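Just so you know, we're using the working numbering here: the sequence shown kicks off at -17 and counts up by one.
Using N, Cα and C, we set each Cβ at its ideal position, and we do this for glycine too.
Remember, predicted model here, so these are calculated numbers, not experimental data.
Take a look at the structure set out below.
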Amino acid sequence: MADESDPELLRLAHIWEQRFGEPPPIVTDAEMIRRVLDSLPPDPVKKEAA
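This is the structure we're talking about:
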C-alpha cells in the first residue's frame, strides 16, 4: 500500500481502489522511470548523433 506519511499517495490509492475494486499495484522505481522515459518524445540529441 502507499506510504502512510504521504496523504497524496493515500488519496490516489483510494481513488484507484474505488475505480478498480482492488488496491493499486506496487510499482518499483525502475518501472516508473521506464514508463516516464517511454512516454517522452524521442531525444533530439540522440537523433543528431545517429
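Cβ-Cβ distance between Ala(-5) and Pro5 below 8 Å
By one-based count along the sequence shown, residue -5 stands at place 13. By one-based count along the sequence shown, residue 5 stands at place 23. Yes, the pair counts as a contact, with Cβ atoms nearer than the cut-off.
Note down the Cα distance separating Gln0 from Leu(-9), rounded to an integer number of angstroms.
As a first step, residue 0 must be located in the sequence shown, where it is residue number 18. As a first step, residue -9 must be located in the sequence shown, where it is residue number 9. Going by the C-alpha atoms only, they are around 14 Å apart.
Straight-line Cα distance separating Trp(-2) from Ser(-13)
Stepping through the sequence shown from its first residue, residue -13 is reached at position 5. Stepping through the sequence shown from its first residue, residue -2 is reached at position 16. Straight-line Cα distance between these residues: approximately 18 Å.
Under a three-way DSSP split, which group does Leu(-8) fall into?
Position 10 of the sequence shown, counted from the start, is the residue given in the question as residue -8. Of the three classes helix, strand and coil, the one that applies to Leu(-8) here is helix, per DSSP.
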